[in-house]
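Here the structure is laid out as structure tokens; the discussion comes afterwards.
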Amino acid sequence: MPDKLCTIQSKIDGIAIVTVSGSPAVATVELLLSLQRRFATLAGDDHIRGVLLTGTPQGFCCCQRVQNCTLNESARLSSLGQQVMFALEKLGKPCLTVIEQRCTDLGLELALASDFIIAGQGASFGFPAIADGMIPFCGGSQRLARLVGKAKTKEIMFTGDTIDGEEAYRIGLVNRLYPSGEALPRAEELLAHICTRSPSAIRIGGEVVNAGYDIDLATACLLERDAFALCFSRFDQREGMQAFLDKRQPQFSGE
Amino acid sequence: MPYKKLRIEIANRVGYVYLNSGARFNKLSITTIRELKRAFTQVDGDDSIGAVVLSGYPGESFAVGADIGQMVNFSSEEAFHFAELGQSLFDRIESCSKPVIGALNGITMGGGCDLAMSCDFRIARDTLQIAHPGARLGIITGFCGTRKLPRIVGKNFAREIFMSSDPYGAQDALRMGLVDRVYSTEEFWPRVVTTAEQIARHPLAALSAAKRLINAAEDTDLRTGCLLEREAATHLNTPFG
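For the protein sequence lines, the chains are U and P, in the order given.
Just so we're aligned, residue 2 is where the first sequence starts under my numbering, counting upward by one.
Just so we're aligned, residue 16 is where the second sequence starts under my numbering, counting upward by one.
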């Protein structure tokens with residue numbers, strides 16, 4: 002039953018559309034466990050090359066507000082939530098989030114853990130749970146501050162107000178903004194395009210970006226140098242460069 | 016020793032390093048990288064220069080990566096040394112005691128994009144086409160770009176640029192913060208010159224201290240950064256102390 006909250010539709014071109022509707026009636030822990038199972042499936046399935054997270058007109062990643070927890074329950078919930086978001090970051094495949102509706106609290110935390118967000122004009126974003134005395138607990142405060150800066154993050158978190166798609170686009174929370182209803186098809190197009198690129202370069206590049214972001218420049222550059230050298234022992238590098246020289250489309254294997 | 020791939024001119028306290036390979040695209044070959052390192056050592060040591068402009072003006076490209084025909088057969092060992100050489104150039108530019116303006120006159124790709132990011136800020140002509148095509152070629156970038164691009168435009172735009180491998184125009188680059196100013200073709204070079212000359216008129220000791228401090232801000236906690244700032248400011252305020 003809980004897995005209805007989060008369904009995977011695999012397409013022949015290797016794109017998995019993950020519809021994370023959730024439900025206002027479901028407990029947060031149930032939804033997180035459902036996401037955890039789904040992400041394990043996506044990571045282990047070699048036919049899946051790219052992932053699109055999306056919601057339904059009813060919502061994106063909705064669940065009950067966390068209430069009346071003991072301290073231990075609350076700490077366990079936060080650990081689980083953070084593990085789930087790290088699992089999404091470590092998927093090793095491109096993962097875009099499409100938002101056409103409200104994307105708040107856990108939904109915003111999930112969207113922030115994906116590679117980037119594409120939105121329709123009717124989208125809205127925020128952390129309104131502050132009104133009930135709650136703050137993000139899956140890494141959302143840290144990811145938002147790194148993405149849009151400390152001042153914007155504080156404004157959003159302190160007020161509990163939602164910002165609309167235009168504002169989210171202006172501050173760099175969403176990468177691309179489309180008229181309502183067009184975000185999903187445009188995101189599918191972009192992801193299909195990204196999936197023609199080298200899976201190994203995307204995976205290694207994503208890992209190096211994440212690992213290098215929080216450490217000093219010199220160490221990050223050492224990491225990058227070694228990862229760069231590693232690319233040259235792989236099939237994708239020979240194929241990509243040869244195809245470029247032959248003026249043809251590369252056929253990457255991800256090896 | 017004369018330069019083969021570039022040219023240096025000095026006017027009104029500005030040192031202009033022109034990438035000038037003679038070909039349509041200024042490729043970052045091993046020779047070009049070595050010459051750039053030498054050029055930055057030269058302008059850094061020249062007291063008549065207060066600011067530096069790096070550009071491919073008036074050509075079609077700023078800079079692109081290495082020759083794919085050569086790179087296709089690189090071993091991991093060769094790639095390792097190539098990344099090391101490129102990174103040492105970018106370190107040289109970052110540690111240059113003078114402000115370095117990247118004047119992006121046109122096509123800026125791969126290693127050329129990393130080169131642009133090693134400059135202190137970037138002014139672009141509206142014909143800019145900027146891309147990181149590594150994922151299309153089966154590689155990642157190796158000249159510090161995986162660290163610098165996310166710090167300049169944020170992780171999400173960086174991931175989009177890396178994953179799509181697509182070229183972005185001047186307005187997109189401006190919106191993401193990858194370039195700081197965009198000018199029309201007619202206005203571009205005069206504005207680069209005015210900006211560089213304006214900067215070069217300021218006392219070099221203050222410019223150098225500001226550059227070092229701002230670079231350090233990326234890697235230090237706030238309190239340590241403030242200590243560094245206090246020391247530098249005190250030193251500047253008491254030139255004979």
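A virtual CB, placed ideally from N, CA and C, is assigned to each residue, including glycine.
Values in this document were obtained by computation on a predicted structure and should not be read as measured data.
Using a Cβ-Cβ cutoff of less than 6 Å, which residues in the same chain neighbour residue i once the five nearest sequence positions on both sides are dropped?
{"i": "L189/P", "result": "V197"}
{"i": "V194/P", "result": "R137, A139 and A188"}
{"i": "Y170/U", "result": "L178"}
{"i": "S254/U", "result": "F236"}
{"i": "P58/U", "result": "none"}
{"i": "E90/U", "result": "A114"}
{"i": "A132/U", "result": "G161"}
{"i": "R144/U", "result": "L113"}
{"i": "Y183/P", "result": "I145"}
For my contact list, residue i and residue j are in at a C-beta cut-off of 8 Å; report their separation, rounded to the angstrom.
{"i": "C111/P", "j": "D59/P", "result": "5 Å"}
{"i": "G93/U", "j": "C62/U", "result": "In fact, because the Cβ distance is near 22 Å, the residues do not count as touching under 8 Å."}
{"i": "H147/P", "j": "F177/P", "result": "5 Å"}
{"i": "M132/P", "j": "G169/P", "result": "Wrong, their Cβ atoms sit about 14 Å apart, outside the cutoff."}
{"i": "D258/P", "j": "I116/P", "result": "Since the first residue shown for chain P is 16 and the last is 256, residue 258/P is missing from the structure and cannot be characterised."}
{"i": "G161/U", "j": "G127/U", "result": "7 Å"}
{"i": "S63/P", "j": "R28/P", "result": "7 Å"}
{"i": "A118/P", "j": "V68/P", "result": "5 Å"}
{"i": "G213/U", "j": "R162/P", "result": "4 Å"}
{"i": "G157/P", "j": "G101/P", "result": "6 Å"}
Looking at the secondary structure, which residues open and close the beta strand (DSSP E) in which residue i lies?
{"i": "R77/U", "result": "Segment L72 to E90 is the alpha helix (DSSP H) holding R77/U; no beta strand (DSSP E) there."}
{"i": "T55/U", "result": "G51 to T55"}
{"i": "M124/P", "result": "I122 to M124"}
{"i": "I216/U", "result": "Where I216/U is concerned, there is no enclosing beta strand (DSSP E), given that its DSSP letter is neither H nor E."}
{"i": "G121/U", "result": "F117 to G121"}
{"i": "S11/U", "result": "C7 to S11"}
{"i": "V115/P", "result": "V115 to L119"}
{"i": "T20/U", "result": "I16 to V21"}
{"i": "T68/P", "result": "A small correction: the amino acid at residue 68/P is Val; Thr does not occupy that position in the sequence shown. It spans A66 to S70 - the beta strand (DSSP E) in which V68/P sits, taken as one unbroken run."}
{"i": "T105/U", "result": "R103 to T105"}
{"i": "A78/P", "result": "S76 to A78"}
How is residue i classed by DSSP in three states: helix, strand or coil?
{"i": "A26/P", "result": "strand"}
{"i": "R1/U", "result": "Nothing about residue 1/U can be reported from this structure: the residues present for chain U run from 2 to 256 only."}
{"i": "Q143/U", "result": "helix"}
{"i": "A139/P", "result": "strand"}
{"i": "Y31/P", "result": "strand"}
{"i": "Q144/P", "result": "strand"}
{"i": "K94/U", "result": "coil"}
{"i": "M242/U", "result": "helix"}
{"i": "V67/U", "result": "coil"}
{"i": "L113/U", "result": "helix"}
{"i": "S125/U", "result": "strand"}
{"i": "A26/U", "result": "coil"}
{"i": "V197/P", "result": "strand"}
Once the 5 residues before and after residue i are set aside, which same chain residues still bring their CB inside 8 Å of it?
{"i": "E167/U", "result": "Q122 and L178"}
{"i": "T46/P", "result": "K19 and K20"}
{"i": "L43/U", "result": "I9, A17, V19, I49, V52, L92 and K94"}
{"i": "G127/P", "result": "N41, L43, S76, F77, A78, V79 and G80"}
{"i": "L219/P", "result": "G65, S112 and K113"}
Residue i lies in the alpha helix (DSSP H); which residues open and close that run?
{"i": "L32/U", "result": "T29 to G45"}
{"i": "C241/P", "result": "L237 to N252"}
{"i": "Y18/P", "result": "No alpha helix (DSSP H) contains Y18/P, which DSSP labels as neither H nor E."}
{"i": "S223/P", "result": "L219 to A232"}
How should residue i be labelled, buried or exposed, when 16 other C-beta atoms within 10 angstroms of its C-beta is the threshold for buried?
{"i": "N252/P", "result": "exposed"}
{"i": "K5/U", "result": "exposed"}
{"i": "R38/U", "result": "exposed"}
{"i": "P200/U", "result": "buried"}
{"i": "N41/P", "result": "buried"}
{"i": "A124/U", "result": "buried"}
{"i": "N69/U", "result": "exposed"}
{"i": "L109/U", "result": "buried"}
{"i": "S90/P", "result": "exposed"}
{"i": "F138/U", "result": "buried"}
{"i": "A202/U", "result": "buried"}
Spatial neighbours of residue i within its chain, please: CB distance less than 7 Å, with the 5 preceding and 5 following residues excluded, ordered by chain position.
{"i": "Q238/U", "result": "C232"}
{"i": "A247/P", "result": "A224 and L228"}
Is residue i near the ligand COA, judged by its Cβ being under 7 Å from some heavy atom?
{"i": "A78/P", "result": "Inclusion of the ligand COA in the displayed structure is not the case, the ligand content being empty and no account of it being possible."}
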